[in-house]
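Asks: In our numbering, the protein residues as written are 42 to 472. Every residue, glycine too, gets a C-beta built ideally from N, C-alpha and C. Being a predicted model, the structure only gives us computed values, none of them experimental.
(1) Is it buried or exposed for residue 237, if we count other Cβ within 10 angstroms and need 16 for buried?
(2) State the Cα-Cα distance for the pair residue 206 and residue 446, rounded to the nearest angstrom.
(3) At what residues does the alpha helix (DSSP H) containing residue 415 begin and finish?
(4) Alpha carbons only, please: which of 165, 93, 244, 405 is nearest the one belonging to residue 262?
(5) If we count the other Cβ atoms within 10 Å of its Cβ and call it buried at 16 or more, is residue 476 buried or exposed?
(6) For my contact list, residue 219 and residue 152 are in at a C-beta cut-off of 8 Å; report their separation, rounded to the angstrom.
(7) Strictly by DSSP, which residues pair up with residue 284?
(8) Going along the chain, which unbroken runs of the beta strand (DSSP E) with 3 or more residues stay wholly within the region 77-165?
(9) Sort out for me which residues DSSP pairs residue 272 with in a bridge.
(10) Taking the continuous beta strand (DSSP E) assigned at residue 353, which residues delimit it?
(11) Tell me the residue span of the beta strand (DSSP E) that contains residue 238.
(12) Just the C-alpha distance for residue 211 and residue 133, rounded to the nearest angstrom, thanks.
(13) For residue 156 versus residue 269, is the C-beta spacing smaller than 8 Å?
(14) State buried or exposed for residue 465, treating a residue as buried only when at least 16 other CB atoms are found within 10 Å of its CB.
(15) Could you tell me if residue 457 is buried or exposed, where buried requires 16 or more neighbouring beta carbons within 10 angstroms of its beta carbon?
(16) To the nearest angstrom, report how far apart residue 147 and residue 387 are at their CA atoms.
(17) Under 8 Å, with one C-beta from each stretch per pair, do the region 100-107 and the region 397-404 reach the 3-pair mark?
(18) Run the CB neighbour count on residue 333, radius 10 Å, all protein chains shown included, and call it buried at 16 or more, exposed below.
(19) Residue 225 to residue 235, Cα distance in whole Å?
(20) When burial is assigned at 16 or more other CB atoms within 10 Å of the CB, is residue 323 buried or exposed?
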């Protein structure tokens, strides 16, 4: 234990374009919070930088036990997404958080199998923590109350995965859903998962369909990859997922998809775009003039057994008949054509922070927020981020706008989300 704390963290950022200078500036700020020494770090970058130079600069200062990815925009309690950040770094120091990192290559080919194999490696390579972990677990049982013990998990998966990008002039989808399912093949649905799909500048991707994304693991740069972090946490933690939509009376069933399960061929047994437009009460011609507006304000929400909804982004294919779903969609999936609720969109993160601060000794919040949330907030994002910073009450949070979100709640299985915000909170206590 150090400084009478179980968890220390530091966040630094830079807007410099020179990779070495940017890393130096961001790391100098991040290391201040951990008294100059980190045992793990997360690095987010601008995708237009030379990623190899970034990795070399980080390795030269803190070694290779870190992970990261390129993102759309960066934000934290120290800086907003409007800051044109090129590199942001989170440093963590704790004797009670242990991370084992592995990376899978060429994940668009058999992602489920590769995720499974990579997580097994990460678990196997976790070493040197059993004595401490078992002692802390024994102490929790001896001193804690059962109300807290039954809801706590000692194990956690973090994962960053290649998402949709432009590869050699062609837009290719990520395989986040299949990759996540491979992780669940190993640990089941009760182990929380937090992470994101790597991204690039969303505005450029939206307007020009240009942008590549990158991942980092153990000091190396990867593309078309998946990074898996097996975490053993002696500290309590929470996970959460929120989106900015409300249910409507408009439901549909995905009755037919193609072999990839990314193309929706039928809704309610009918032409999917025509059926979607019928439910919205608009003409197909009107929809196809600006499909982003409708698809982002009236997206598909997958309805769970318990009535919860999870957003699936779907946009028209070039044929003007079928939908392309950014994440895999199965036949017989029931969807609600949800409606954007701007109040929820603008306030859900500040509400998460307010609720977190009501709990005992929150220490650090990791955040993955969908790039489409930033797009939908538009100019309001400045006020939203001011509200979030105020709600944090100096609780450090470290996040980015990303191309997909991996997350779960205490009562829902881990999933790949869209247009949502997912969080992981570590507490600065043992029980």
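Replies: Taking the geometry as given:
(1) buried
(2) 16 Å
(3) 412-418
(4) 93
(5) The chain is shown only over 42 to 472; residue 476 falls outside these bounds and no answer can be derived.
(6) 4 Å
(7) 461
(8) 81-87, 107-112, 114-117, 128-134, 138-146
(9) 140, 197
(10) 350-353
(11) 234-239
(12) 38 Å
(13) yes
(14) buried
(15) buried
(16) 37 Å
(17) no
(18) exposed
(19) 12 Å
(20) exposed
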